[in-house]
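As you go down the protein sequences, you meet chains A and B in turn. In terms of full-length UniProt numbering, the first sequence is residues 1 to 475. In terms of full-length UniProt numbering, the second sequence is residues 1 to 475. Glycine residues also receive a C-beta, built at the ideal position from the N, C-alpha and C atoms. As structure tokens, the structure follows; a few thoughts come after it.
2 protein chains.
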Amino acid sequence: MHTTPLYRQLANHYLDAIRSGTLKTGERFPSIRLMMEKHAVSLSTAVQVCRELEDYGVLEARPRSGNYIRQPDTLPKTVVSTPPPLDTGAYLGIHEQVSSVLKASQRATIKVNFASAYCAPELYPLKILQEHMIKALRQDQHLLGVQGSTGGNLALRNILARRALTTKANLTAEKMVITNGATEAINLALRAVTQPGDTVAVESPTFYGLLQILESLNLRVLEVPATAHSGINLFALEQLLQSPERIRALIVIPNLQNPLGSIMPDANKARLVQLCAEHGTVLIEDDTYGDLVDTEQPLSTLKHWDCSDNVIYCASLNKTLAPGLRLGWISAGKWHERVEMLKHTQTRGCETLSQLAVGAFMKTPSYERYLRRLRKTLTQQRQQISAAITRYFPPGTCVTDPRGGTLLWVELPRHYSAMALFREALKVGIQISPGDIFSNTQRFDHFVRIGCGAPYSPKIDEALATLGRLLENQR
Amino acid sequence: MHTTPLYRQLANHYLDAIRSGTLKTGERFPSIRLMMEKHAVSLSTAVQVCRELEDYGVLEARPRSGNYIRQPDTLPKTVVSTPPPLDTGAYLGIHEQVSSVLKASQRATIKVNFASAYCAPELYPLKILQEHMIKALRQDQHLLGVQGSTGGNLALRNILARRALTTKANLTAEKMVITNGATEAINLALRAVTQPGDTVAVESPTFYGLLQILESLNLRVLEVPATAHSGINLFALEQLLQSPERIRALIVIPNLQNPLGSIMPDANKARLVQLCAEHGTVLIEDDTYGDLVDTEQPLSTLKHWDCSDNVIYCASLNKTLAPGLRLGWISAGKWHERVEMLKHTQTRGCETLSQLAVGAFMKTPSYERYLRRLRKTLTQQRQQISAAITRYFPPGTCVTDPRGGTLLWVELPRHYSAMALFREALKVGIQISPGDIFSNTQRFDHFVRIGCGAPYSPKIDEALATLGRLLENQR
Ligand SMILES: Cc1ncc(COP(=O)(O)O)c(C=O)c1O
Ligand SMILES: Cc1ncc(COP(=O)(O)O)c(C=O)c1O
Numbered sequence: 001m002h003t004t005p006l007y008r009q010l011a012n013h014y015l016d017a018i019r020s021g022t023l024k025t026g027e028r029f030p031s032i033r034l035m036m037e038k039h040a041v042s043l044s045t046a047v048q049v050c051r052e053l054e055d056y057g058v059l060e061a062r063p064r065s066g067n068y069i070r071q072p073d074t075l076p077k078t079v080v081s082t083p084p085p086l087d088t089g090a091y092l093g094i095h096e097q098v099s100s101v102l103k104a105s106q107r108a109t110i111k112v113n114f115a116s117a118y119c120a121p122e123l124y125p126l127k128i129l130q131e132h133m134i135k136a137l138r139q140d141q142h143l144l145g146v147q148g149s150t151g152g153n154l155a156l157r158n159i160l161a162r163r164a165l166t167t168k169a170n171l172t173a174e175k176m177v178i179t180n181g182a183t184e185a186i187n188l189a190l191r192a193v194t195q196p197g198d199t200v201a202v203e204s205p206t207f208y209g210l211l212q213i214l215e216s217l218n219l220r221v222l223e224v225p226a227t228a229h230s231g232i233n234l235f236a237l238e239q240l241l242q243s244p245e246r247i248r249a250l251i252v253i254p255n256l257q258n259p260l261g262s263i264m265p266d267a268n269k270a271r272l273v274q275l276c277a278e279h280g281t282v283l284i285e286d287d288t289y290g291d292l293v294d295t296e297q298p299l300s301t302l303k304h305w306d307c308s309d310n311v312i313y314c315a316s317l318n319k320t321l322a323p324g325l326r327l328g329w330i331s332a333g334k335w336h337e338r339v340e341m342l343k344h345t346q347t348r349g350c351e352t353l354s355q356l357a358v359g360a361f362m363k364t365p366s367y368e369r370y371l372r373r374l375r376k377t378l379t380q381q382r383q384q385i386s387a388a389i390t391r392y393f394p395p396g397t398c399v400t401d402p403r404g405g406t407l408l409w410v411e412l413p414r415h416y417s418a419m420a421l422f423r424e425a426l427k428v429g430i431q432i433s434p435g436d437i438f439s440n441t442q443r444f445d446h447f448v449r450i451g452c453g454a455p456y457s458p459k460i461d462e463a464l465a466t467l468g469r470l471l472e473n474q475r
Numbered sequence: 001m002h003t004t005p006l007y008r009q010l011a012n013h014y015l016d017a018i019r020s021g022t023l024k025t026g027e028r029f030p031s032i033r034l035m036m037e038k039h040a041v042s043l044s045t046a047v048q049v050c051r052e053l054e055d056y057g058v059l060e061a062r063p064r065s066g067n068y069i070r071q072p073d074t075l076p077k078t079v080v081s082t083p084p085p086l087d088t089g090a091y092l093g094i095h096e097q098v099s100s101v102l103k104a105s106q107r108a109t110i111k112v113n114f115a116s117a118y119c120a121p122e123l124y125p126l127k128i129l130q131e132h133m134i135k136a137l138r139q140d141q142h143l144l145g146v147q148g149s150t151g152g153n154l155a156l157r158n159i160l161a162r163r164a165l166t167t168k169a170n171l172t173a174e175k176m177v178i179t180n181g182a183t184e185a186i187n188l189a190l191r192a193v194t195q196p197g198d199t200v201a202v203e204s205p206t207f208y209g210l211l212q213i214l215e216s217l218n219l220r221v222l223e224v225p226a227t228a229h230s231g232i233n234l235f236a237l238e239q240l241l242q243s244p245e246r247i248r249a250l251i252v253i254p255n256l257q258n259p260l261g262s263i264m265p266d267a268n269k270a271r272l273v274q275l276c277a278e279h280g281t282v283l284i285e286d287d288t289y290g291d292l293v294d295t296e297q298p299l300s301t302l303k304h305w306d307c308s309d310n311v312i313y314c315a316s317l318n319k320t321l322a323p324g325l326r327l328g329w330i331s332a333g334k335w336h337e338r339v340e341m342l343k344h345t346q347t348r349g350c351e352t353l354s355q356l357a358v359g360a361f362m363k364t365p366s367y368e369r370y371l372r373r374l375r376k377t378l379t380q381q382r383q384q385i386s387a388a389i390t391r392y393f394p395p396g397t398c399v400t401d402p403r404g405g406t407l408l409w410v411e412l413p414r415h416y417s418a419m420a421l422f423r424e425a426l427k428v429g430i431q432i433s434p435g436d437i438f439s440n441t442q443r444f445d446h447f448v449r450i451g452c453g454a455p456y457s458p459k460i461d462e463a464l465a466t467l468g469r470l471l472e473n474q475r
């Protein structure tokens with residue numbers, strides 16, 4: 001066990017003061033200089049205290065005026081998913097809005113797709129995977145004739161476990177299950193630890209697919225505010241965890257949150273894990289984008305900070321390696337046996353062929369080289385698209401600057417409508433994701449998510465200019 | 001609409017008499033001659049009436065003595081699945097017995113496996129599939145780089161819909177979803193039409209995988225007696241449907257039931273579909289083995305008799321074509337949209353590559369030729385194993401004689417224990433399926449299911465002789 005560093009002790013001290021009302025919303029926070037004097041700490045410690053409180057969402061920096069205590073983001077109310085009536089043929093449930101957006105897109109002819117979180121196919125190492133696939137087919141004549149084991153190919157699980165060590169997560173291959181993508185992994189995690197009617201918390205905004213999964217499992221969704229700066233607001237979460245409603249599980253995307261692109265600071269990760277363990281809330285980690293973080297050192301996972309076997313780790317190769325193969329995995333600790341049995345009853349073991357091909361590639365050094373190249377490419381693509389958005393979109397538009405991945409989260413001035421933009425853009429063959437589908441509340445009706453998976457081109461530039469013009473028409 | 005044929009009218013007349021108590025259990029049934037006179041019908045009609053009532057399970061033929069009214073099989077009580085406690089790490093739920101049997105088998109070193117329902121790998125057209133796979137990979141460089149659609153590859157769906165016409169089922173490709181095997185198809189069907197706590201009926205005995213699925217979805221299981229002769233006992237089902245407990249859905253394997261090997265007569269299929277529609281019970285058809293029926297003409301599916309869009313059709317290629325590919329499909333009629341959305345939230349679309357390879361093979365005439373050859377081979381293998389069982393097992397053992405497939409259902413004299421045989425056999429590397437796992441009741445504790453997927457060999461012969469010796473030791 002590590003001792004709590006000084007800056008955290010001080011941050012906790014101030015959090016207590018805010019909680020108890022000693023420091024009130026709108027009040028000016030002690031200046032850096034004052035803190036240094038009062039607590040006899042260094043400049044860097046004082047600065048870290050402020051940053052920590054900002055991450056918590058309780059401090060607001062006003063330019064040239066100092067730091068102020070702010071009202072932590074308003075907590076959205078609990079949204080109860082209503083199970084769809086079962087006797088009608090028409091489809092009604094599962095986050096109606098998401099499904100209407102997805103259906104509308106399917107009907108349209110899409111020329112430029114900013115709604116995808118995938119990379120363009122040519123960025124994936126498809127030729128290499130193809131060769132590994134052919135080799136695997138030739139090597140084992142019976143490959144297609146034998147049902148694979150429920151847990152998945154052990155060689156691949158070993159490779160994944162070894163790679164997890166770089167993010168300091170201690171996963172064992174024997175307690176891992178290969179799944180049909182992170183989607184199935186998260187389904188299994190939720191089915192293992194919840195009952196229909198339970199409440200599950202998510203970040204707000206969050207990936208709409210998670211909202212759909214929760215609704216389809218008849219779970220109640222509770223949204224916890226999150227920021228592009230540091231992800232989930234821990235202050236808000238603490239308050240919710242103390243409320244009488246029991247939160248059975250919490251799904252968090254700690255590294256490159258979708259859509260925020262946020263990366264949780266290590267201290268927040270540690271605190272989040274601790275909070276959940278203290279309150280008996282199972283923490284489900286969605287690490288779909290972890291490998292796309294464009295930093296020298298891999299970042300820690302939530303699983304790394306988990307001393308009490310309370311974090312279920314879910315991940316995927318669909319965004320980083322091969323969308324066509326649908327491979328993901330889950331490491332469920334003490335729930336492993338239950339997850340494995342649920343996997344058996346839900347879909348049985350995944351196809352062996354794809355697991356062999358992916359494993360053969362991932363165990364070579366080219367895999368890491370490929371990832372590094374991909375990250376650089378994506379960083380460039382994000383920068384180019386971000387620049388174009390600044391150029392073409394209305395003044396007052398804010399764009400996130402995530403440290404990796406394919407996604408930008410764009411905040412338009414408040415009076416713009418993302419849904420209107422979505423509908424108008426679709427008419428001219430441009431697909432975007434309106435902010436509305438990332439929450440069961442209306443909080444993001446003036447946000448859009450823009451995918452940067454494709455190399456910049458005149459066509460993309462033209463499409464972004466078109467989006468800008470469509471927004472101009474909204475005024 | 002067809003008018004009810006004469007023999008059915010008469011059969012209904014007698015069923016009413018039995019129901020009302022006019023004809024009592026143990027009473028002698030009118031002879032064929034008497035029926036012919038009394039109702040002025042032909043010999044063949046009178047015989048059909050008796051066969052119909054036998055299929056219903058209410059008539060028993062005693063050699064040289066005539067037909068007698070029999071007590072329809074005792075109805076097993078409702079078994080309520082208890083949801084496993086969620087906070088412990090240990091695995092407890094989902095049909096504990098099945099899971100302990102499966103786990104024991106996984107730990108053992110298996111030399112001869114009679115527990116599998118698959119064919120031996122060498123019986124599948126693996127070389128051809130492999131070539132189609134390599135061709136598909138080479139043809140589309142981006143295949144592995146793009147996520148397939150949720151519903152599945154449309155070309156494959158078209159082929160499956162066209163083939164379904166031979167079993168007279170009218171499935172449309174647009175209303176079909178490709179799944180990860182029949183397992184996922186049945187999960188989706190159940191999730192689409194039930195709520196946790198609902199009651200779902202199955203045949204008794206039935207494939208243990210279905211019992212596991214039902215338990216994992218927190219559904220109550222009601223077992224309806226079925227016979228190797230004609231499958232589900234419709235008389236018993238009618239009684240259950242009239243009881244106050246609402247039966248939300250019924251899962252039936254009409255052709256080559258697992259483990260019974262039964263094939264439902266057309267009249268029973270029609271009646272079953274009608275009964276379910278009348279009582280608002282959704283009929284889920286599991287057609288996993290339909291293509292393995294060894295008859296000249298393909299048999300009808302339940303879906304064929306479905307005029308009111310109340311049958312959900314589920315099938316699989318895992319037993320007939322390639323266990324390694326995990327492909328199945330579902331045609332859910334008016335529930336199609338809901339099933340498709342659940343598929344999206346559960347696992348998203350299946351891998352495109354395997355769908356292309358399978359589709360490329362299935363659209364050639366070699367596919368039908370391959371199936372015909374496979375059926376003949378399996379018939380021979382079943383006959384050889386059946387003969388050996390008769391040779392080696394204790395006197396009084398009965399073996400089914402199914403018209404296709406890989407499975408024999410073996411009834412030992414009542415005092416033998418299938419579980420004891422299972423445990424003893426495992427010690428010497430032989431795996432069987434004890435009857436106990438095919439029901440939540442104890443009714444099949446002296447049955448074993450023997451898989452005949454592998455070509456007969458001295459090793460198999462020796463293993464069957466060993467099973468015989470182990471049974472001898474039980475006396
Ligand atoms: C945060 C997040 N989790 C899960 C998923 C689903 O992943 P998969 O395609 O591996 O099922 C996505 C895909 O967009 C995602 O963005
Ligand atoms: C009757 C029946 N239904 C469903 C299944 C599962 O099929 P799949 O392997 O396609 O998931 C089986 C497999 O043994 C079966 O026997």
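Minimum Cβ-Cβ distance from residue i to chain A less than 9 Å
| i | result |
| --- | --- |
| P458 of chain B | no |
| V146 of chain B | yes |
| R138 of chain B | yes |
| G181 of chain B | yes |
| Q442 of chain B | no |
| S216 of chain B | yes |
| R475 of chain B | no |
| R326 of chain B | yes |
Under 7 Å from the C-beta of residue i: neighbouring residues of chain A
| i | result |
| --- | --- |
| P121 of chain B | H142, G145, V146 |
| I213 of chain B | T345 |
| G453 of chain B | Chain A residues near G453 of chain B: none, gap ~11 Å exceeds 7 Å. |
| P196 of chain B | P196 |
Rounded straight-line distance, which links the Cα of residue j to that of residue i
| i | j | result |
| --- | --- | --- |
| S308 of chain B | V252 of chain A | 45 Å |
| A11 of chain A | T377 of chain A | 38 Å |
| A120 of chain A | L129 of chain A | 16 Å |
| V49 of chain B | H13 of chain B | 10 Å |
| Y124 of chain A | A357 of chain A | 14 Å |
| A201 of chain A | L237 of chain A | 9 Å |
| R8 of chain B | A420 of chain B | 45 Å |
| R369 of chain B | G404 of chain B | 16 Å |
| R37 of chain B | P30 of chain B | Per the sequence presented here, residue 37 of chain B reads as Glu, with Arg not at that position. Approximately 11 Å between the Cα atoms of the pair. |
Beta carbon proximity, residue i to chain B, threshold 9 Å
| i | result |
| --- | --- |
| I134 of chain A | yes |
| L342 of chain A | yes |
| L156 of chain A | no |
Bridge-paired residues (DSSP) for residue i
| i | result |
| --- | --- |
| F393 of chain A | Bridge partners of F393 of chain A: none, in fact. |
| I330 of chain A | A:V177, A:C314 |
Under 8 Å from the C-beta of residue i: neighbouring residues of chain B
| i | result |
| --- | --- |
| I432 of chain A | Per Cβ cutoff of 8 Å: no residues; I432 of chain A is ~18 Å from chain B at best. |
Per-residue contacts from residue i into chain A (C-beta, under 9 Å)
| i | result |
| --- | --- |
| Y289 of chain B | None at all; the shortest Cβ gap to chain A is about 16 Å. |
Under 7 Å from the C-beta of residue i: neighbouring residues of chain B
| i | result |
| --- | --- |
| E184 of chain A | Q346, T347 |
### Task
Considering only heavy atoms of ligand 2, list every residue whose Cβ is less than 6 Å from one of them, following chain order.
If you measure from each CB to the nearest heavy atom of ligand 2, the residues under 6 Å come out as A:R348, B:A117, B:G181, B:A182, B:T183, B:F207, B:G209, B:I253, B:N258, B:D286, B:T288, B:S316, B:N318, B:G328.
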